[in-house]
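Take a look at the structure below.
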Amino acid sequence: MSAGFAGSLLDPAILFFFFGLFAAAVRSNLEIPAPIAKFLSLYLLMSIGFKGGVSLAETGVTAAMGWALLAAMLLAFVVPAYSYAILRRRVNPFDAAAIAATYGSVSAVTFMTAVGYLERQGVPFGGYMAVALVLMESPAIIMAVALANLARREAAGRAAAPGAASTRRVLHEAFTDGAQLLLLGSLAIGVLTGADGKRALDPFTGQIQKGILAFFLLDMGLFVASRARDLRMNGSFLAAFAICVPLANAVLAALLARLFGLQLGDALLLAVLAASASYIVVPAVVRYAIPEANASVYFGMSLVITFPFNIVIGIPLYFTALAAVWR
Amino acid sequence: MEPVKRIDLVVPEIVLREVTELLERHGAGGYTIARGLVGKGHRGVQTGEGLAGEFSNAGILVVCAEPVVAPLLEDLRGLIARYGGLCLVSDAVWLKH
Numbered sequence: 000m001s002a003g004f005a006g007s008l009l010d011p012a013i014l015f016f017f018f019g020l021f022a023a024a025v026r027s028n029l030e031i032p033a034p035i036a037k038f039l040s041l042y043l044l045m046s047i048g049f050k051g052g053v054s055l056a057e058t059g060v061t062a063a064m065g066w067a068l069l070a071a072m073l074l075a076f077v078v079p080a081y082s083y084a085i086l087r088r089r090v091n092p093f094d095a096a097a098i099a100a101t102y103g104s105v106s107a108v109t110f111m112t113a114v115g116y117l118e119r120q121g122v123p124f125g126g127y128m129a130v131a132l133v134l135m136e137s138p139a140i141i142m143a144v145a146l147a148n149l150a151r152r153e154a155a156g157r158a159a160a161p162g163a164a165s166t167r168r169v170l171h172e173a174f175t176d177g178a179q180l181l182l183l184g185s186l187a188i189g190v191l192t193g194a195d196g197k198r199a200l201d202p203f204t205g206q207i208q209k210g211i212l213a214f215f216l217l218d219m220g221l222f223v224a225s226r227a228r229d230l231r232m233n234g235s236f237l238a239a240f241a242i243c244v245p246l247a248n249a250v251l252a253a254l255l256a257r258l259f260g261l262q263l264g265d266a267l268l269l270a271v272l273a274a275s276a277s278y279i280v281v282p283a284v285v286r287y288a289i290p291e292a293n294a295s296v297y298f299g300m301s302l303v304i305t306f307p308f309n310i311v312i313g314i315p316l317y318f319t320a321l322a323a324v325w326r
Numbered sequence: 000m001e002p003v004k005r006i007d008l009v010v011p012e013i014v015l016r017e018v019t020e021l022l023e024r025h026g027a028g029g030y031t032i033a034r035g036l037v038g039k040g041h042r043g044v045q046t047g048e049g050l051a052g053e054f055s056n057a058g059i060l061v062v063c064a065e066p067v068v069a070p071l072l073e074d075l076r077g078l079i080a081r082y083g084g085l086c087l088v089s090d091a092v093w094l095k096h
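Chains as they are written, first to last, in numbering that gives the first Met the number 0: chain A, 0 to 326; chain B, 0 to 96.
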């Protein structure tokens, strides 16, 4: 087991991310067409869900799974609540709610990068962590929409809340957004088909996954560089928030993992889920439900700061810290 | 040839369903939709990224009779104020076939 920052940076997927940043910095015309980028995202969600489902079918329901999912649910409610409380001191309630949703929800690609990291280190983890990923997507979004509705009501002097999004539609989208549903459906198919399903879909959801992840991260590198202006727009408070809150969330997750007796691999994945910020499901729902929020702020913080921080520094940092405690 | 009103709309794709429901409710008849539009407006740049069209606009071309226009615009105004967008109304002639 040889982790270390240099080793993690020499992962081809991470290097392709840097290559994307470089290509954008030198103003290359390298571009991944949008429909292909969307396909890559959808493929990764399907693959994560399916592999998690297959692992779940192999291990079955265990006490460790119960504790891991309980920890995930606690984090899914605590993180957006305390994030909103901090943010309200400095930003308007709508931006605060949208950012709280972003940081309370999770990033599937960050999770997948962490899974790849554990596989390279030979550290075991439970397939049920993909269930934790699914569970942690929605609660923050629902809380944020409720907080935004409350803010509208307060602004309207406790009268009717003009502009409140349809609760039914928000709930519907939070649970059936395409990305979320694909993840859930793939997980269910993985559970139902188990090892036979894994063989049937190989190499589509197996061997080629790492190559697709590398290609996706190339696109993310190009994309992050193109959104770099958001760094300047966000200001120092929000830039600091986008680094410090993920670190605090990882510590919180590590404490829960220790308290609940999770194994090292599960602890890392829980920390990464807690530290990650959504840029797929949250914008899809929040753009409709909280249109007053500035999308370039919450989307930019998540994508331009927290995502690169987690995949380049966060994952090896969390692993090194956790491994020191767990041994 | 028949004189008609032409309404050009650009709205975020996320509210396309609401807009088409409004058009149907007001009896605006037919419309043509172009998805995946990108550009810049008073809410900044719409770059087209996102899995659910959350950063894309849709263009809607509507042709309708004059009496439909005023009540339809009244309902569209609130939607555009909330989500952003653009609405242009002009006179046109329809080539009857």
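Think of the CB as a built atom: it goes at the ideal place given N, C-alpha and C, for glycine as much as any other residue. Small disclaimer: the values here were computed from a predicted structure and weren't measured.
Cross-strand partners of residue i (DSSP beta bridge)
i, result
"L36 (chain B)", "B:N56"
"Q179 (chain A)", "The partner list for Q179 (chain A) (beta bridge, DSSP) is empty, contrary to what the question assumes."
"D7 (chain B)", "B:L60, B:L87"
"Y30 (chain B)", "B:V61"
"P315 (chain A)", "DSSP lists no partner for P315 (chain A)."
"H44 (chain B)", "The displayed chain sequence assigns Val, not His, to residue 44 (chain B). V44 (chain B) pairs with B:K39."
"W93 (chain B)", "B:E1"
Neighbour flag for residue i against chain A, beta carbons, 9 Å
i, result
"V18 (chain B)", "no"
"I13 (chain B)", "yes"
"G38 (chain B)", "no"
"L75 (chain B)", "no"
"E53 (chain B)", "yes"
"G47 (chain B)", "yes"
"R81 (chain B)", "yes"
"G58 (chain B)", "no"
"G147 (chain B)", "This structure cannot settle anything about residue 147 (chain B), because the visible part of chain B is limited to 0 through 96."
Rounded distance between the beta-carbons of residue j and residue i, thought under 8 Å
i, j, result
"A249 (chain A)", "Y297 (chain A)", "The Cβ separation is near 20 Å, so there is no contact."
"A143 (chain A)", "A75 (chain A)", "Not really, about 12 Å apart at Cβ, beyond 8 Å."
"L269 (chain A)", "A67 (chain A)", "7 Å"
"S137 (chain A)", "A173 (chain A)", "5 Å"
"A145 (chain A)", "P92 (chain A)", "A145 (chain A) to P92 (chain A), Cβ: 12 Å. No contact."
"I211 (chain A)", "V271 (chain A)", "That pair is no contact at about 19 Å."
"K92 (chain B)", "P2 (chain B)", "Reading off the sequence shown, one finds Val at residue 92 (chain B), where the question assumed Lys. Confirmed, Cβ separation roughly 6 Å."
"Y102 (chain A)", "A213 (chain A)", "26 Å between Cβ atoms; not a contact."
"L216 (chain A)", "A12 (chain A)", "5 Å"
"L21 (chain B)", "L72 (chain B)", "Actually they are not in contact, since the Cβ atoms of L21 (chain B) and L72 (chain B) sit about 10 Å apart, beyond 8 Å."
"G40 (chain B)", "L85 (chain B)", "7 Å"
"A238 (chain A)", "I304 (chain A)", "6 Å"
Below-9 Å beta-carbon distance, residue i vs any chain B residue
i, result
"S225 (chain A)", "yes"
"A283 (chain A)", "yes"
"R286 (chain A)", "yes"
"S1 (chain A)", "Its pLDDT being 48, under 50, S1 (chain A) is placed unreliably by the model, and nothing is read from it."
"P307 (chain A)", "no"
"A84 (chain A)", "no"
"F298 (chain A)", "yes"
"A96 (chain A)", "no"
"A33 (chain A)", "yes"
"A294 (chain A)", "yes"
"A315 (chain A)", "What sits at residue 315 (chain A) in the sequence shown is Pro, not Ala. Closer than 9 Å: no."
"V290 (chain A)", "The sequence shown places Pro at residue 290 (chain A), rather than the Val named in the question. Yes, P290 (chain A) counts as interfacial toward chain B."
Query raised in the report: In the segment 104-167 of chain A, which residue ranges form an unbroken alpha helix (DSSP H) of at least 4 residues, counting only runs that do not cross its ends?
Result: Given a length threshold of 4 residues, each whole run of the alpha helix (DSSP H) inside the segment 104-167 of chain A is given here in chain order: 107-120, 128-134, 138-154.
Query raised in the report: Counting pairs of Cβ atoms below 8 Å between the segment 51-68 of chain B and the segment 7-14 of chain B, do you hit three or more?
Result: Touching, yes.
Query - Inter-stretch contact at 8 Å, needing at least 3 Cβ pairs: the segment 42-61 of chain A / the segment 116-136 of chain A - result: yes
**Report entry** Segment contact, 8 Å Cβ cut-off, at least three pairs: the segment 286-293 of chain A with the segment 76-95 of chain A
**Finding:** yes
Report task. Taking 8 Å as the threshold, find out whether the segment 112-126 of chain A comes into contact with the segment 278-287 of chain A through three or more Cβ pairs. Result -> no
Report task. Take every Cβ of the segment 304-314 of chain A, pair it with every Cβ of the segment 64-79 of chain B, and state whether three or more of those distances are shorter than 8 Å. Result -> no
Query raised in the report: Counting Cβ pairs, one atom from each stretch, are 3 or more of them under 8 Å apart for the segment 15-24 of chain A and the segment 217-227 of chain A?
Result: yes
Query raised in the report: Which runs of the beta strand (DSSP E) fall wholly inside the segment 191-257 of chain A and span at least 3 residues, in chain order?
Result: none
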